[in-house]
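Have a look at the structure below before the remarks.
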Amino acid sequence: MGHAATTSAADREVVVALDVGGSGMKCALVRRDGTVTHTEHHLTGAARGPAAVIDTILDVAEALADTARREGLAPVALGLAVPGVIDEAQGVAIWSANIGFRDVPLRKLAAARLGMPAALGHDVRVGGLAEARLGAGRSARHVLFVAIGTGIAAAHVIDGLAAAGAHGAAGELGHVLVRPGGPRCGCGRDGCLEAVASASAVARRYAELASTAPDAPEASAAEVATRAAAGDPLAQQVWTDAVEALADGLATGQALFDVEAVVLGGGLARAGAQLLDPLRAALHDRMTFHREPRLVPAALGAEAGCLGAALLALDDLEKP
Ligand SMILES: [Zn+2]
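Numbering (the numbering used here), first residue to last: 1 to 320.
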């Protein structure tokens, strides 16, 4: 029996998945079993304004569907992940600071352009969905995924479903107040978790304390981690402050959600044991009657958003 005869129609089905960020879009074709068959990367070009970004998203998605057909695959749905406040039920990007979206009915626009069902999700929530089902949290039923990058956001996933909240804004762990009177947060309040412990906050605080020459390039969070490991006391102080603040934030998360596993993703989590070991100890110290969650690094890397967007689209296809 030839290969073609043994390949069922379902094996040829793929989801077109786009994970749209402030600077770049990660794109993939994803099979029903989560296998990625093709990836692409495009610039978001957010400076061109939201209308141009929408055009680019639709053009790229359509081209990916064509690519799938040329490769003998059958694109059955589109999954889109974007940052900001997302109404997943209505498929509307309500607000996104770094892309400039305001009430954009992305799901409707995409479904009309591609002629197939589309799903719209929040970037961190779909990333958490993928990590909980296919990645570091796959053995746990209750998972908190925490992405620590430019900002900090979380996704609470129970039995493979991420809670979006009543207004599409659940999981804003980065705006939990951990240091009253502390550094000013992008949201306008002082002392939010992400103002102390995001990758950008770590870099900014080190630059302030080190008060290097004004024209000296700012050390990235990864460089601060390297300098802390090498014994630089200022870097160690900034790193320890970030770890302590993260432990406060995660302890609050555990008090609210009582999860089995906390999966850490985003740029800062790439520090590996240098972040996880002290954070695990600091979180342990904060547990009183709460059960301590397993603290594990994300397993899917940069593809988590695309995989999650694809899962969301597949879930929608299964709905009656
Ligand atoms: Zn804030």
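All C-beta atoms in this analysis are idealised placements derived from N, C-alpha and C, irrespective of residue type, glycine included.
Residue j beta carbon less than 9 Å from that of residue i
i      : j      : result
Gly186 : Gly149 : no
Gly121 : Ala309 : yes
Ala282 : Ala247 : yes
Ala201 : Pro217 : no
Ala298 : Val263 : yes
Ala197 : Ala242 : yes
Leu177 : Leu193 : yes
Ala93  : Val82  : yes
Val157 : Ala166 : no
Val37  : Glu71  : Per the sequence presented here, residue 37 reads as Thr, with Val not at that position. Yes, the pair counts as a contact, with Cβ atoms nearer than the cut-off.
Gly115 : Ala147 : no
Gly266 : Ala130 : no
Leu321 : Ala74  : The requested residue 321 does not occur in the structure, where the chain is confined to residues 1 to 320.
Gly137 : Ala17  : no
Val20  : Asp123 : yes
Ala222 : Arg270 : yes
Host beta strand (DSSP E) of residue i (start-end)
i     : result
Asp19 : Glu13 to Val20
Arg31 : Gly24 to Arg31
Delimiting residues of the alpha helix (DSSP H) encompassing residue i
i      : result
Cys306 : Ala304 to Glu318
Val178 : From DSSP, Val178 is part of no alpha helix (DSSP H); its letter is neither H nor E.
Ala9   : Here Ala9 belongs to no alpha helix (DSSP H), and DSSP marks it neither H nor E.
Ala210 : Ala199 to Ala210
Residue i in three-state terms, based on DSSP
i      : result
Glu218 : coil
Thr39  : strand
Ser96  : strand
Ala4   : Low confidence applies here, because Ala4 scores a pLDDT of 48, under 50, leaving its location unreliable and the question unanswered by this model.
Arg184 : strand
Arg189 : coil
Ala89  : coil
Ala228 : helix
Gly249 : helix
Buried/exposed call for residue i, threshold 16 Cβ in 10 Å
i      : result
Thr56  : buried
Thr327 : As shown, the chain starts at 1 and ends at 320. That puts residue 327 outside it, with no answer to give.
Ala5   : Note that Ala5 scores 47 on pLDDT, short of 50, meaning its location in the model is unreliable; the coordinates nonetheless yield the value given after this. Under this definition Ala5 is an exposed residue.
Arg173 : Looking at the sequence provided, one finds Leu at residue 173 rather than Arg. Per the 10 Å Cβ criterion, buried.
Pro180 : exposed
Met287 : exposed
Phe289 : exposed
Gly2   : Low confidence applies to Gly2: its pLDDT is 42, below 50, so where it sits in the model is not reliable, and the reading given next is rough at best. Answer is exposed; the Cβ neighbour count stays below 16.
Thr240 : exposed
Ala199 : buried
Asp159 : exposed
Glu208 : exposed
Leu43  : exposed
Beta carbon proximity, residue i to chain C, threshold 9 Å
i     : result
Glu13 : Annotation note: the requested chain C is absent from the structure, which comprises a single protein chain.
Task: alpha helix (DSSP H) runs contained entirely in the stretch 99-172, provided each spans 4 or more residues - done: 106-114 and 123-134
Open item on the list: So within the stretch 254-312, which uninterrupted alpha helix (DSSP H) runs reach at least 4 residues, ignoring any that extend past its ends?
Closed with: 273-286
TODO: Write down every uninterrupted run of the alpha helix (DSSP H) in the stretch 43-84 whose length is 4 residues or greater and which is fully enclosed by it, in chain order.
DONE: 50-70
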